[in-house]
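Number of protein chains: 2
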Amino acid sequence: MGRRAGTDGLTHIQVERFMHYYHFIANRQDRNPDDTFTSAQVAESAGMDGSLVRKDLAAINIRGCSGRGFRTDESLEAIRYILGFDEILRAVIIGAGRLGGALASYHSFTDYGVEICGLFDIAPHKTGLTIGAFEVRHVSSLPNIVRQMSASIAILTVPPEAAQESADNAVAAGIRGIWNFAGTRLELPKDVCVRHEHISVGLAELGYKLRNAT
Amino acid sequence: MGRRAGTDGLTHIQVERFMHYYHFIANRQDRNPDDTFTSAQVAESAGMDGSLVRKDLAAINIRGCSGRGFRTDESLEAIRYILGFDEILRAVIIGAGRLGGALASYHSFTDYGVEICGLFDIAPHKTGLTIGAFEVRHVSSLPNIVRQMSASIAILTVPPEAAQESADNAVAAGIRGIWNFAGTRLELPKDVCVRHEHISVGLAELGYKLRNAT
C-alpha cells in the first residue's frame, strides 16, 4: 500500500521517535484512560527537546488544548494510524532457540501490527516441540507456510553462520522483510527490507552512562 | 570513573551511532582482519550522511589515510576505548523466563564490557535450574550476590506487574543501572540510570518500511 496521508514517508529516526512517544503515551493511558500529557513530559522522558516533540505531533495532526495538553487516546490512535499498526503483517520466526522462543512467546507484537504465524528450526529434534503457542516446524516447510499465510516478515534468530542461508531461503519463499538478530550483515536483493537488531546497543549505552556518571 | 579524554560525554544518540559504526567495522574485520573502510561505506549502511560519520570519527581521533580510508583494527580500538568496553561492569538478570534465559545465554555482552554474574527468579520451582551457564537463584539472595560480585547493572526481564518491585529491590541491593525489558516505566531515584528496552521498535520500523514500500 502507499504512503499515509499527512506524511511523505517517515525516516528511520522519525519512526523511532514516534515509537518512543507511543510507549510513553500508552503507559500513561494504562494508568488512567482519560489522561492527557504535555510535550514537555514526553521530551523529559526521552531527554530531547520539547519543540521537536511538538513539531512531530503537529506533523501528524495531533493538536493539544491550551493549558491541558494532548489527549492520550487521540494521540495513540494518530500514531497507530501513521505507523500502520492496524494493517496486520504476518511474520515467521526462523530459529527456535531461546531468543526465538522468547519472541514467539511475546504477546504484544500484534499491538504493533505484526502477527507471528510460525516458528521454524533446522534441527529435526526440535520439530514438533511446543514453544509458547507454536509447534516448531522444520524449515523445509517454510515455503509452504509463507505462501499459505501470506507471511511477509522473517525474524532471524539463528546462529551467525546460518544467517545468510536462512535469509536466502526466506526470500526465495517470498519474504520481503527480515528482522535480523543473528548479528551478521546479510547480502540480499535491494527490494528486501532488513532491520539488523543489535540487542547490545542498549546495554552499551547503559554501561556508558554508568561509567561516566559523576 | 570520569569522562574519557577527547569527549565531554556522548549523548544517547552519539552512543547509538558509535555502536552502529562498531558493528559495521567489526563485521568487516571478521571477514578480513587487515581491512579498511570508508566513511561513505559506513554512511550507506546506516542511511546517514558521510560527513557526519567523518565528524564522529574525527572527534575521537580516528584518522583515515587519503585514498585508503580507515583501518578497522585502529577504529575498533578507538571506539572500544571511548565507550569504555575495556572496563568490565557486572550485571544480574532478574526474571528467568524465556527472555531472561536468552540473555543469560548470550555470549557477546563481555565484548561490550558487561559480564553477567547471576540469574534470579522469584518462583521457587525455578531455583536450581540450569540455564546457559547459570544456576537460577531465588531473588532473596540478590542482595548478597550483588554485594559479593560488586554488580552494578540489573537486567529486568520480569512481567510488567513485577517490574517496579524488582527494580526497587535491585536498587536497595546496590544496583546503579537498570536495563528494563518489562515494558513499563519505573519510578526510581534520580541517580539510578535506566534504559527502557522496547524490542518492538525494530519490528515497528520494519513493518513501516514494508507497508510503505513502493
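Residue numbers (the working numbering), protein chains in the order written: chain Y, 1 to 214; chain V, 1001 to 1214.
Ideal Cβ placement from N, Cα and C applies to all residues, glycine included.
Since this is a predicted model, take the numbers as computed values, not measurements.
Can you tell me the Cα-Cα spacing of V:V1136 and Y:S200, whole angstroms? 22 Å
DSSP three-state call for V:V950: helix, strand or coil? As shown, chain V starts at 1001 and ends at 1214. That puts residue 950 of chain V outside it, with no answer to give.
Can you tell me where the beta strand (DSSP E) with Y:L156 in it begins and where it stops? 153-156
By DSSP, does Y:I178 sit in helix, in strand, or in coil? strand
One or two residues paired with V:V1092 in a DSSP bridge: Note: V:V1092 sits in a beta bridge opposite V:G1118, V:A1154.
Using a cut-off of 7 Å between C-beta atoms, extract the partners of Y:Y112 located in chain V. S1200, L1203, A1204, G1207
In this structure, how does DSSP classify Y:M1 when only helix, strand and coil are distinguished? Confidence at Y:M1 is low in this model, with a pLDDT of 42, below 50, so its placement is unreliable and no value can be given for it.
Applying the 10 Å Cβ sphere with the 16-neighbour rule, what's the burial state of V:R1068? Burial call: exposed.
Contact list for the segment 1128-1160 of chain V against chain Y, Cβ threshold 7 Å: Residues S1152, I1153.
Whether Y:A154 touches Y:V53 by CB criterion (7 Å): no
Burial state of Y:N61, where buried means 16 or more other Cβ atoms lie within 10 Å: exposed
Anything in the segment 1016-1034 of chain V with a Cβ closer than 7 Å to a Cβ of chain Y? List those residues in chain order, please. E1016, M1019, H1023, N1027
Check V:T1130 in the structure and name its three-state DSSP category. strand
Could you tell me whether the segment 98-108 of chain Y touches the segment 148-162 of chain Y, where touching means 3 or more Cβ pairs closer than 8 Å? yes
For Y:D121, count neighbouring Cβ atoms within 10 angstroms of its own Cβ and tell me buried if that reaches 16, exposed if not. buried
Against chain V: residues of the segment 69-100 of chain Y by CB proximity under 7 Å: L83, G84, E87, L89, R98, L99
Give the secondary structure of V:H1125 by DSSP, where H, G and I count as helix, E and B as strand, and everything else as coil. helix
Does Y:C65 have its Cβ less than 7 Å from a Cβ in chain V? no
Scan the segment 1180-1209 of chain V and note each continuous beta strand (DSSP E) run of 3 residues or more that stays entirely inside, going in chain order. 1193-1196
In the DSSP assignment, the alpha helix (DSSP H) including V:L1099 goes from what residue to what residue? 1098-1104
Please classify V:E1161 as buried or exposed, where buried requires at least 16 other C-beta atoms within 10 Å of its C-beta. Only exposed fits V:E1161, as fewer than 16 other CB atoms lie within 10 angstroms of its CB.
Give the interface partners of V:F1120 over in chain Y, defined as CB-CB distance under 7 Å, in chain order. Correct list: empty, because the minimum Cβ distance to chain Y is about 17 Å.
Considering only the alpha carbon of each residue, which of V:T1038, V:A1059, V:I1013 lies closest to V:T1072? V:T1038
V:E1205, buried or exposed, once every other Cβ within 10 Å from all chains shown has been counted against 16: buried
Given that V:T1184 touches chain Y, what residues does it touch there, using C-beta distances under 9 Å? N27, D30
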